[in-house]
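Asks: In my numbering, the protein residues as written are 9 to 768. Supplied in structure tokens, the structure appears directly below.
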Amino acid sequence: MTTTTPSRRRRRAPTRIERVAGKAAALQKPRVILAGLLLLALTSVMLLDGYLRAEVGGDQRVRTGASSGKVPNKVLDGGPILTFRGGRATTVSVPDKTIALTFDDGPNPTWTPQVLAILKKYDIPATFFVVGSMVSRYPSIVADMVDAGNEVGIHTFTHVDLSYQSDARVNREMQQTQLALAGAAGITTTLFRAPYSSETDAIDNYSWPVYKKLGEDGYTSVFVDTDSDDWKRPGVSKIVKWATPDDGEGASVLFHDAGGERSQTIKALPKYIERMRAKGYTFTTISGVVQKQEAAAGGQAGGQAQGGPNGQPGGAGAGAGTSNLQAAHRTATGATLYEGKALIGAVAVAEWTVPVLSVGLLVVGVAVMGRFGMMLILARRHYRQRNRRRFSWGSPVSQPVSVIVPAYNEKECIANTLESLARSTHPIEIIVVDDGSTDGTSEIARTAARELGMTNVRVIRQENAGKPAALNNGVRSASHDIVVMMDGDTVFEPDAVRQLVQPFADPAVGAVAGNAKVGNRDTVIGAWQHIEYVMGFNLDRRMYDLLRCMPTIPGAIGAFRREAVLEVGGMSEDTLAEDTDITIAMHRAGWRVVYQEHARAWTEAPGSLKQLWSQRYRWSYGTMQALWKHRKSLTDKGPSGRFGRVGMPLVVIFQIVTPVFAPLIDVFTVYSMIFVDFRAALLAWLAVLAVQLLCAAYAFRLDREKYRYLLMMPLQQLAYRQMMYLVLIHSCITAMTGGRLRWQKLKRTGEVGTPAGAGR
């Protein structure tokens with residue numbers, strides 16, 4: 009055993025990565041927060057869109073035939089307009105030969121403009137009871153509605169039956185609709201019509217408290233005298249007939265400008281207006297009815313003078329030739345106006361974002377499923393090709409090789425690593441490069457080598473310079489033409505080196521990737537990573553091998569021609585993924601990179617979520633750095649261009665782009681379960697899980713792994729996968745903000761000993 013130590017320890021200048029490490033560390037926490045905020049913002053946009061499009065749970069009345077014993081008889085027998093001036097319930101009837109034309113459930117971009125055009129043609133006003141969610145989605149229609157002299161009232165925000173809701177929910181439904189009206193048309197309103205209401209005699213003991221409360225808040229509740237029942241689509245003639253009051257009586261008449269297919273309503277409306285005018289009827293709004301009643305009673309002609317919702321003063325412009333027909337409107341000011349505009353803006357973002365994301369996620373979904381199919385086909389082909397009896401790389405490789413073990417504070421693991429190498433069936437020399445360890449790693453390595461009787465071990469100490477520098481030092485010191493690189497926490501199976509170097513019988517092969525296994529797989533986190541290693545990494549490597557564009561030789565087990573490493577300039581400090589960097593450099597230099605599934609090594613995976621985040625953050629960020637560094641391969645010719653036009657797009661699409669969007673697939677699943685169709689969304693999610701489980705099972709079969717670990721896969725999809733997505737988003741933000749990281753050391757326990765883990 010030979011030991012090389014510096015004759016004198018000098019204070020070295022910090023490396024380029026270390027010079028920015030302090031600044032990078034200071035920026036990491038804000039970037040984590042920013043990554044979380046981005047996902048939260050997108051989730052919020054989708055939830056807002058879902059809230060606008062569908063009510064959570066049922067939105068129909070759940071009780072019928074309730075008693076009305078608590079409702080005053082004068083209300084049950086009164087007119088369709090209910091007010092609570094001075095705290096007393098008062099009803100107002102529509103005068104004879106007068107129609108208060110009302111429309112529910114809008115606005116709708118198809119039907120409402122047609123209704124407005126008809127009203128404009130006949131120069132008559134109407135009162136529209138609008139749904140707040142629809143107002144926020146189509147604000148310009150409401151603005152046109154108000155500008156044309158029509159009146160608007162509240163029909164709740166989500167078209168929910170308020171009779172069985174809490175006071176807080178009632179307030180929220182009203183306030184949100186007021187904000188939507190403020191943002192859309194700059195007004196609020198004092199008019200209200202409850203969904204699923206009809207005539208006043210239908211008020212029951214459940215709905216009466218709601219009307220009382222809203223009346224105390226300054227709202228006028230509006231009911232129906234005559235219902236066209238146009239929502240049933242009975243035909244134009246029946247709609248006109250059903251909307252016609254008896255014997256010249258006045259009426260509050262109900263039509264719908266939304267909530268379904270309304271072509272019959274559009275055809276019936278002109279006929280109805282002409283018929284009623286022929287009978288001597290005039291048309292007005294709900295405020296117009298109240299004004300006529302007040303005028304007849306000698307009341308104040310200015311209309312409703314009491315303060316309305318939000319405490320805003322009365323007063324509004326005239327419309328349709330009748331003085332102050334919009335008396336129910338209040339001008340939105342102050343916080344109400346700005347909050348309303350903010351709501352409209354947020355909804356506009358949601359209305360634009362969700363469809364775009366839907367299309368994007370559809371593309372991503374097709375790409376992911378296509379990738380699964382391609383992986384299965386190519387993995388099977390790879391397995392059959394490499395496991396045929398007659399398959400051979402050429403003459404067996406039997407010459408000695410150099411095994412380089414970079415180590416930094418590996419006191420828990422280095423002895424196990426050397427013990428596994430002592431059992432190697434292939435002749436090797438071992439070079440342990442101690443990268444400035446402070447825990448006695450080099451002394452432990454010497455002691456272990458001595459106790460194991462290993463005379464083929466050299467321990468080289470260097471000042472701390474990072475893993476790439478340690479590997480380069482080992483390559484320069486290697487005695488043989490083939491170098492095997494491994495991590496200081498990894499143990500090899502006895503046959504690993506021999507299997508790993510056999511592909512070098514082909515002179516075109518410059519590097520070989522081994523089969524890294526998770527040794528500490530008996531914990532939940534370890535089992536999750538075990539599934540990932542077997543399915544994600546090794547199936548990918550089989551696919552990339554056949555496509556001749558493998559992007560990464562794993563740091564835990566990989567072999568290189570020494571001349572090829574020196575040709576591409578050795579391990580670079582330009583990126584944090586030196587293994588990906590040099591693998592791509594090998595491709596660009598014309599060397600072939602292959603995967604040797606039978607060369608197995610056992611590594612200690614991170615044992616905590618914090619360590620796992622740190623490791624994967626470095627991996628994903630380093631991969632992005634390496635891809636950016638080699639971006640010119642996209643336009644190169646020859647082998648470099650082949651990787652740039654085949655390998656680079658595959659890595660970008662399947663390791664960066666699709667994983668970045670993948671969290672939204674889960675968010676969309678939840679969105680669909682809540683707002684669309686729970687059963688269909690659940691079945692779709694289970695179908696995707698089944699496909700992934702099939703791929704994983706096949707990967708386990710190829711690697712001869714125990715299937716019991718796949719029982720953890722559903723939980724992995726729900727928890728572990730989300731964390732990996734956030735790590736990638738975090739890395740993307742770091743890359744976009746120009747941050748850098750240094751080589752990070754994970755805490756090890758040494759629980760992965762000799763390759764006994766192979767039997768677990």
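Glycine is no exception: its CB is placed at the ideal position from the N, C-alpha and C atoms.
If I'm right that D112 touches H264 with Cβ under 8 Å, what's the distance once you round it to whole angstroms?
Replies: Locating residue 112 in the sequence shown gives position 104, where the first residue counts as 1. Locating residue 264 in the sequence shown gives position 256, where the first residue counts as 1. Yes, they are in contact, since the Cβ atoms of D112 and H264 sit about 5 Å apart, within 8 Å.
Asks: By DSSP, does M493 sit in helix, in strand, or in coil?
Replies: Position 485 of the sequence shown, counting from 1, holds the residue named residue 493. In the structure shown, M493 sits in a strand (DSSP, three-state: E or B).
Asks: Around the Cβ of N395, are there at least 16 other Cβ atoms within 10 angstroms (buried) or fewer (exposed)?
Replies: To locate residue 395, count along the sequence shown from 1; it is residue 387. So N395 counts as exposed.
Asks: Considering only residues of the same chain and omitting the five flanking positions on each side of A613, which have a CB-CB separation below 7 Å?
Replies: On the sequence shown, residue 613 is found 605 positions in, with the first residue counted as 1. Only V526, N528, G534, Q537 meet the Cβ criterion.
Asks: From which residue to which residue does the beta strand (DSSP E) around F136 run?
Replies: The count along the sequence shown starts at 1 and reaches residue 136 at position 128. F136 -> beta strand (DSSP E) spans 135 to 138.
Asks: Could you tell me the alpha carbon to alpha carbon distance between R69 and S171, rounded to whole angstroms?
Replies: Within the sequence shown, numbered from 1, the residue matching residue 69 stands at position 61. Within the sequence shown, numbered from 1, the residue matching residue 171 stands at position 163. Note that R69 scores 48 on pLDDT, short of 50, meaning its location in the model is unreliable; the coordinates nonetheless yield the value given after this. Between R69 and S171, the C-alpha separation is close to 8 Å.
Asks: Give me, in chain order, the residues of the same chain whose beta-carbon lies closer than 6 Å to that of D589; leave out the 5 immediate sequence neighbours on both sides.
Replies: In the sequence shown, the residue the question calls residue 589 occupies position 581. Taken in chain order, the residues that qualify are S580, T583, A634.
Asks: The beta strand (DSSP E) that contains G598, what's its start and end?
Replies: Position 590 of the sequence shown, counted from the first residue, corresponds to residue 598. Segment: none, G598 is in no beta strand (DSSP E) and carries neither H nor E.
Asks: Please report the straight-line C-alpha distance between A125 and F92, rounded to a whole angstrom.
Replies: Residue 125 sits at position 117 when you count from the first residue of the sequence shown. Residue 92 sits at position 84 when you count from the first residue of the sequence shown. Rounded to whole angstroms, A125 to F92 spans 35 Å at the Cα level.
Asks: Just list the alpha helix (DSSP H) runs in the segment 257 to 316, keeping only unbroken ones of 4 residues or longer that don't cross its boundaries, in chain order.
Replies: 271 to 286, 294 to 304
Asks: Helix, strand or coil for P147? Go by DSSP, reduced to three states.
Replies: Your numbering for residue 147 matches position 139 in the sequence shown. Looking at P147 - three-state DSSP - the assignment turns out to be helix.
Asks: Taking just the CA atoms, how far does A504 sit from W401?
Replies: Taking the first residue of the sequence shown as 1, we reach residue 401 at position 393. Taking the first residue of the sequence shown as 1, we reach residue 504 at position 496. The straight-line gap from Cα to Cα measures roughly 16 Å.
Asks: When the Cα of R608 is compared with those of W599, R379, V520, which residue comes out closest?
Replies: Taking the sequence shown and counting its residues from 1, the one referred to as residue 608 is at position 600. Out of W599, R379, V520, V520 has the C-alpha closest to the C-alpha of R608.
Asks: Just mark Y280 as buried or exposed, buried being the case when its beta carbon has 16 or more other beta carbons within 10 Å.
Replies: Your numbering for residue 280 matches position 272 in the sequence shown. Counting Cβ neighbours within 10 Å, Y280 comes out buried, since at least 16 surround it.
Asks: So if DSSP puts F568 in a beta bridge, which residue, or which two residues, is it bridged to?
Replies: Numbered from its first residue, the sequence shown carries residue 568 at position 560. Answer is V491, A519, bridged to F568.
Asks: Cα separation between Y706 and F380?
Replies: Mapped onto the sequence shown, residue 706 falls at position 698. Mapped onto the sequence shown, residue 380 falls at position 372. Those two C-alpha atoms are separated by around 11 Å.
Asks: Pop quiz: I412 and V483 are said to be a contact at Cβ under 8 Å. What is the actual Cβ separation, rounded to whole angstroms?
Replies: For the purposes of this step, residue 412 is taken as the residue at position 404 of the sequence shown. For the purposes of this step, residue 483 is taken as the residue at position 475 of the sequence shown. At roughly 7 Å, the Cβ-Cβ gap stays under 8 Å, so I412 and V483 are in contact.
Asks: CB E437 to CB S485, shorter than 7 Å?
Replies: Numbered from 1 along the sequence shown, position 429 holds the residue referred to as residue 437. Numbered from 1 along the sequence shown, position 477 holds the residue referred to as residue 485. Not closer than 7 Å, so no.
Asks: Rounded to whole angstroms, what's the CA-CA distance from A524 to A692? Just pull it up for me.
Replies: Residue numbering aside, residue 524 sits at position 516 when the sequence shown is read from its first letter. Residue numbering aside, residue 692 sits at position 684 when the sequence shown is read from its first letter. Going from the Cα of A524 to the Cα of A692 covers about 33 Å.
Asks: Would the beta-carbon of D497 be found less than 6 Å away from any heavy atom of the ligand ZN?
Replies: The ligand ZN is absent from the structure shown, which contains no ligands of any kind.
Asks: Measure how close the beta-carbons of P115 and V150 come, nearest whole angstrom, since I'm counting them as under 8 Å.
Replies: In the sequence shown, counting from the first residue as 1, residue 115 sits at position 107. In the sequence shown, counting from the first residue as 1, residue 150 sits at position 142. About 6 Å; that satisfies the 8 Å criterion.
Asks: Just checking my contact of A343 with T197 at CB under 8 Å: how many whole Å lie between their CB atoms?
Replies: Counted from its first residue, the sequence shown places residue 343 at position 335. Counted from its first residue, the sequence shown places residue 197 at position 189. At roughly 17 Å, the Cβ-Cβ gap does not stay under 8 Å, so A343 and T197 are not in contact.
Asks: Is it true that the CB of W621 sits closer than 7 Å to the CB of V735?
Replies: Counting from 1 along the sequence shown, the entry for residue 735 is found at position 727. Counting from 1 along the sequence shown, the entry for residue 621 is found at position 613. For V735 and W621, yes; Cβs fall inside 7 Å.
Asks: Considering only the alpha carbon of each residue, which of K637, W636, R653 lies closest to T643?
Replies: The sequence position of residue 643 within the sequence shown is 635, counting from 1. Here the closest residue by C-alpha is R653.
Asks: Comparing C-alpha positions only, which one of F676, T252, Q604, M182 sits nearest to M551?
Replies: Along the sequence shown, one-based indexing puts residue 551 at 543. Checked all of F676, T252, Q604, M182; the closest Cα to M551 is Q604.
Asks: Note the first and the last residue of the continuous beta strand (DSSP E) segment covering A473.
Replies: In the sequence shown, counting from the first residue as 1, residue 473 sits at position 465. Note, A473: premise wrong, no beta strand (DSSP E); not H, not E.
Asks: Just the C-alpha distance for L369 and V178, rounded to the nearest angstrom, thanks.
Replies: In the sequence shown, counting from the first residue as 1, residue 369 sits at position 361. In the sequence shown, counting from the first residue as 1, residue 178 sits at position 170. The straight-line gap from Cα to Cα measures roughly 36 Å.
Asks: According to DSSP, simplified to helix, strand and coil, what is S15?
Replies: Working through the sequence shown from its first residue, we reach residue 15 at position 7. Residue confidence is low: S15 scores 38 on pLDDT, short of 50, so the model does not pin down where it sits. No coordinate-derived value is stated.
Asks: Under DSSP, the alpha helix (DSSP H) around D175 begins and ends at which residues?
Replies: If you number the sequence shown from 1, residue 175 lands on position 167. Annotation for D175: the continuous alpha helix (DSSP H) segment containing it runs 175 to 193.
Asks: Is A74 helix, strand or coil when you go by DSSP?
Replies: Stepping through the sequence shown from its first residue, residue 74 is reached at position 66. If DSSP states are grouped into helix, strand and coil, A74 belongs with coil.
Asks: Out of G268, L262, K128, which has the shortest C-alpha to C-alpha gap to A108?
Replies: The residue labelled residue 108 in the question sits at position 100 within the sequence shown. It is L262 whose Cα lies nearest to the Cα of A108.
Asks: For K105, which of F291, S366, T361, E427 has the nearest alpha-carbon?
Replies: Counting from 1 along the sequence shown, the entry for residue 105 is found at position 97. The candidate whose alpha carbon is nearest that of K105 is F291.
Asks: When we look at the beta-carbon of G307 and count the other beta-carbons within 10 Å, is it buried (16 or more) or exposed?
Replies: Here residue 307 refers to the residue found at position 299 of the sequence shown. Caution is warranted here: a pLDDT of 46 is assigned to G307, below 50, making its placement in the model unreliable, and the coordinate value is therefore given only provisionally. G307 comes out exposed.
Asks: Based on the DSSP secondary-structure assignment, which residues constitute the bridge partners of E437?
Replies: Taking the first residue of the sequence shown as 1, we reach residue 437 at position 429. Per DSSP, S410.
Asks: Examine the Cβ distances between the segment 446 to 462 and the segment 545 to 564 and report whether three or more of them are shorter than 8 Å.
Replies: no
Asks: Whose C-beta lies closer than 8 Å to the C-beta of K221 among residues of the same chain, with five residues either side of it excluded?
Replies: For this step, residue 221 is matched to residue 213 along the sequence shown. The residues are D175, V178.
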